[in-house]
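Q: I am attaching a structure below and will ask some questions about it afterwards.
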Amino acid sequence: MELVLLTKLYVAILVPAAILVAIAAVFAVVLAFLGKKLEVKRDEKVVEIESLLSGANCGGCGFAGCSAFAEALANGKADLSSCNATSKANKDKIAAILGTVNTGEEMSFVVCCNGGSACEDKYDYHGYGDCASMELLAGGRKACPVGCMGAGTCVKHCDHHACNISENGYASITEDRCTLCGKCSKSCPKGLIRKIPTRAKVYVACSNHAKGKEVRSYCKTGCIGCGLCVRTCPQGAITLEDNLAVIDYSKCTGCGACAAKCPSKCIKTRD
């Protein structure tokens, strides 16, 4: 009696289970067949190009991601120079695949201000917000009309934690984290985050075109347009444009003589 009951119980359990397994197997075979039949084969060139891109998917090139950019490159609908996140070595390889030459120079972002705590404030700001909101109140709290407010709009927009506010109160960029997506540059209300060649050893960390007396009245580290850097540079790579030092990187050798001579220390060196 008990054996009959156990047999019926096993049958009641095993038969439905076997049916489910059989159905699952049929569906698996059908799906595998349809997967092969309906598979969209990717262009090998696109796959190879995508493997050489940075993979940051930052959107700085104007496309949805690296995959879309790779496809556009392969179809001649995009320019390789639009991508700032991929290394020059990999860009050269992509150019070879495309049958072109990579003429773009590798660039890096720098913050063209080193005022921060060395620059006077027009008012004390207490409240919610960042640089963008602070800019709406009398052009920001800094006495310098183009001074970094240090409230972190760039930090908020950086997806890779490359932007930070230094202990001196102005923004700085950690280069080995930066993907060059440009979000920080676009978000800065003062337009202080700009590109320079990665090979550059020096840059002008000031954006003020006012005369030296005015600059010195509110900032200790601003460019005063004294021209010492111009006279010191052995390559003639520096000029004064509207009271602000400007470096021509096609001539600059990175000797650092300008930075050593600058009385305001607004010409900074890079590692």
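Last residue of the sequence shown: 258 in the working numbering, with the numbers rising by one and none dropped.
We treat Cβ as the ideally placed atom computed from N, Cα and C, and that holds for glycine.
#1: With DSSP as the reference, please indicate the residues paired to I152 in a beta bridge.
#2: For the candidate residues A9, K198, V98, whose alpha-carbon lies nearest to that of S174?
#3: Secondary structure at C206, three-state DSSP: helix, strand or coil?
#4: Are the beta-carbon atoms belonging to C141 and A158 less than 8 Å from one another?
#5: According to DSSP, which residues form a beta bridge with A232?
#6: Do G47 and N77 have their C-beta atoms within less than 8 Å of each other?
#7: For G214, which of A9, I160, G223 has the nearest alpha-carbon?
#8: Bridge partners for M94 per DSSP, in chain order?
#9: If you follow the beta strand (DSSP E) that T73 is in, where does it begin and where does it stop?
#10: Check this for me: beta carbons of N151 and T161, under 8 Å apart or not?
#11: Indicate whether P176 and E122 have their beta-carbon atoms separated by less than 8 Å.
#12: Express the C-alpha separation of F20 and I183 in angstroms, rounding to a whole number.
#13: Do the CB positions of L67 and A51 come within less than 8 Å of each other?
#14: Which whole-angstrom value is the C-beta distance of F96 and C171, which I expect to be below 8 Å?
#15: From the DSSP output, in three-state form, read off T256 for me.
#16: Along the chain, where does the beta strand (DSSP E) containing V191 start, and where does it finish?
#17: A247 lies in the alpha helix (DSSP H); which residues open and close that run?
#18: If we ignore side chains and look at the alpha-carbon of each, how far apart do L85 and R164 end up?
#19: Applying the criterion that 16 or more other CB atoms from any shown protein chain within 10 Å of the CB defines a buried residue, is L60 buried or exposed?
#20: E58 to S237, Cα distance in whole Å?
#21: For the candidate residues C168, G134, L40, T73, whose alpha-carbon lies nearest to that of A197?
A: Result, derived from the coordinates:
#1: A158
#2: V98
#3: strand
#4: yes
#5: L227
#6: no
#7: G223
#8: P184
#9: Segment: none, T73 is in no beta strand (DSSP E) and carries neither H nor E.
#10: yes
#11: yes
#12: 53 Å
#13: no
#14: 7 Å
#15: strand
#16: 189 to 191
#17: 244 to 248
#18: 28 Å
#19: buried
#20: 33 Å
#21: G134
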